[in-house]
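Quick note on the working numbering: the sequence shown kicks off at 576 and runs consecutively.
Here the structure is laid out as structure tokens; the discussion comes afterwards.
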Amino acid sequence: MKHQNKALSKKSALAASLYAMTLVSGAAHSAFIEQWTYSTDATFVADSATWSSGTGVQIESGYELSWGRSPTANPNPGDFQNPTSTSSLNRSALTVGDFSQTPETLTGGGGSLDMGSVITDENGVLVAGEIGKGVSLTHWNNVLDGGFSTLTGASIEDTLTLTPLVPLGGGSQSGPVLTFVFKFQETPNAGNGSGLCADGKSATADYGYSASGGGCPDLFGYQNLNVVDQGFNYDGFNYFVSVLTLNADGTLDTIGIANLEDNECTTIGLAAGCFGFRTLETTETTKRFGFAISSRRLSVPEPGTLALMGLALLGLGATRYRKAK
């Protein structure tokens, strides 16, 4: 009888030990993720670009949309990074760069396997370690001959891959891909018949229009896409991904992407309340994007950003979530 009791005791101890291990293992795989590593990229969707009628050569690739004088012309090939004072010899372009690199790159896209790490925000107030640098979009806005065909729109897909770092996770989970269908317009430098730009400002007084350059900014806009507080669940915990517009030093400019003026939206064929940005004449304008992971929704100032939209970014963008194995 004593031997039987000892056997039962050993079995009970073993069962208790296995049960405890199961609890520990379960807890390890259900931990709140405090920090993530990530990679992000954005590409122009193949064959999505639309162009106005005209001459010149248009190039469409994953990281570049460009137009104007042929880049292989001989002599004087068109080069959007090195414009001349002669409009018939120039090119303009939109390019995707990598803001996470030091120094940043303005062409060639993002997509490096390990772009850094980001801490999960828990109080709704973003600080430096909670902002992940992502891709950039640059408009090389050069003076072009009026006869050249120009870009009028295209689509961008932006992807984000997250890997738990603290603590490490397991398995995998995919999120939705976000596609920005945008409108683009090279506006008249001198403005309308009254010399006003689409935002109501003076082409001359506000934007320095003259025979040698300056004038109304060109417009990039989109609508019907939310990039703030996209929710996902990871091992039983809820998180939110939000696209950020960043300053050149990596600090936060805007949660989401700001609105254009209603008349600017109308000018590029979108409804009032669209989102986007302006690009100044005769220079390159770079918009830098990042993202944040939060355990609660981020507050967004009204009405200037995507708070009015409620969509799930540029992901930025297209968002995929990957757990480490």
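For every residue, glycine included, the Cβ atom is placed at its ideal position computed from N, Cα and C.
Element boundaries [alpha helix (DSSP H), containing residue i]
i    : result
N838 : D837 to T842
Nearest residue (CA-CA) to residue i, options the options
i    : options                   : result
T865 : G707, F607, G699 and T695 : Before going further, note that residue 865 is Gly rather than Thr in the sequence given. Per the Cα distances, G707.
V802 : G631, N657, S874 and S605 : S874
E856 : G796, G790, S869 and I832 : G790
P763 : I843, S675 and N665       : I843
N657 : S869, R863, E859 and I868 : E859
G653 : P739, G631 and G699       : G631
Y674 : D689, L835 and T625       : Before going on, a small fix: residue 674 reads as Phe here, not Tyr. Among D689, L835 and T625, the Cα nearest to that of F674 is on D689.
T680 : S711, A833 and L821       : S711
Q610 : T661, E705 and L640       : E705
Residue range of the beta strand (DSSP E) that includes residue i
i    : result
E639 : E639 to G643
F674 : Premise fails: F674 is in no beta strand (DSSP E) and is neither H nor E.
D793 : D793 to Y797
A606 : Here A606 belongs to no beta strand (DSSP E), and DSSP marks it neither H nor E.
S817 : F812 to L821
L873 : L873 -> no beta strand (DSSP E), and no H or E assigned at all.
V710 : G707 to N716
S924 : Residue 924 cannot be examined here, being either before or after the span of the chain that is shown, 576 to 900.
F850 : F850 to T854
S692 : G691 to I694
DSSP state of residue i mapped onto helix, strand, coil
i    : result
S730 : strand
G806 : strand
L681 : coil
L701 : coil
S662 : helix
T860 : strand
I634 : strand
I832 : coil
D902 : Look at the range of the chain in this structure, 576 to 900, and you will see that residue 902 is not part of it.
R867 : Before going on, a small fix: residue 867 reads as Ala here, not Arg. Correct three-state label for A867: strand.
K758 : strand
V599 : Here the model assigns V599 a pLDDT of 42, short of 50, so the residue's position is not dependable, and the following value carries that caveat. Reduced to three states, the DSSP call for V599 is helix.
L827 : strand
S769 : coil
Cβ neighbour criterion (16 or more within 10 Å) applied to residue i
i    : result
S614 : buried
Q760 : buried
V700 : exposed
N799 : exposed
P739 : buried
A823 : exposed
W642 : buried
T695 : buried
Decide if the region 656-672 is in contact with the region 714-727; the criterion is three or more beta carbon pairs, one per stretch, under 8 Å apart.
-> These segments touch.
Using 8 Å as the threshold, is the region 717-726 in touch with the region 805-823, meaning 3 or more CB pairs across them?
-> Contact between the region 717-726 and the region 805-823 is absent: fewer than 3 CB-CB pairs across the two stretches fall below 8 Å.
Please determine if the region 610-624 and the region 733-747 are in contact, where contact requires at least 3 C-beta pairs separated by less than 8 Å.
-> Taking 8 Å as the limit for Cβ pairs, the verdict is that the region 733-747 does touch the region 610-624.
Do the region 820-836 and the region 781-790 meet, that is, are 3 or more Cβ pairs less than 8 Å apart?
-> With a cut-off of 8 Å, the region 781-790 and the region 820-836 do not count as touching, because too few Cβ pairs lie within range.
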